[in-house]
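Q: In full-length UniProt numbering, the protein residues as written are 1 to 104. All C-beta atoms in this analysis are idealised placements derived from N, C-alpha and C, irrespective of residue type, glycine included.
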Ligand SMILES: C[S@@+](CC[C@H](N)C(=O)[O-])C[C@H]1O[C@@H](n2cnc3c(N)ncnc32)[C@H](O)[C@@H]1O
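Okay, structure coming up:
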């Protein structure tokens, strides 16, 4: 079952906590995660960021963009409703010795 089918099926069968069934750490293995570095480079170039801006990553997931911005020296706050993602983002930031801020 692809991600879209899983989302449709879960939306039909779940109540207001549907997102807890949809968003799992398995998304870290999705092919689009490989595009993260290019996506962040695109954002920086398009918005003409100079490295001193503060980044607010709303619905940051497991922090793939937040972490990449932090690696480049940006101050980042990531927010996500899925606790497993926030915990994973903090773990990754700690592992890389990046200073992190997050909220769920
Ligand atoms: C498609 S994922 C994208 C995650 C991340 N931005 C990325 O590109 O990897 C959508 C994210 O939205 C989060 N989300 C959904 N509803 C939310 C809400 N009301 N408040 C905060 N986060 C929410 C989910 O937990 C999930 O991590």
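(1) Exposed or buried, what is residue 73 when buried is set at 16 or more other beta-carbons lying within 10 Å of its beta-carbon?
(2) Excluding five sequence neighbours on each side, which residues of the same chain lie with their C-beta closer than 8 Å to the C-beta of residue 69?
(3) Given a threshold of 16 other Cβ atoms within 10 Å of its Cβ, counted over all protein chains shown, does residue 95 qualify as buried or as exposed?
(4) Kindly provide the ranges of any alpha helix (DSSP H) runs that are 4 or more residues long and lie completely inside the UniProt domain "Methyltransferase" (55-98), ordered along the chain.
(5) Between which two residues does the alpha helix (DSSP H) harbouring residue 38 extend?
(6) Once the 5 residues before and after residue 49 are set aside, which same chain residues still bring their CB inside 8 Å of it?
(7) Hey, out of 23, 9, 8 and 5, whose CA is closest to residue 81's CA?
(8) Could you spell out where the alpha helix (DSSP H) holding residue 22 opens and where it closes?
(9) With a CB to CB cut of under 8 Å and the five nearest residues on each side skipped, what residues in its chain are close to residue 27?
A: The relevant details are as follows:
(1) exposed
(2) 40, 55, 57 and 76
(3) exposed
(4) 64-71 and 83-95
(5) 36-46
(6) 43 and 74
(7) 23
(8) 18-22
(9) 3, 33, 61 and 62
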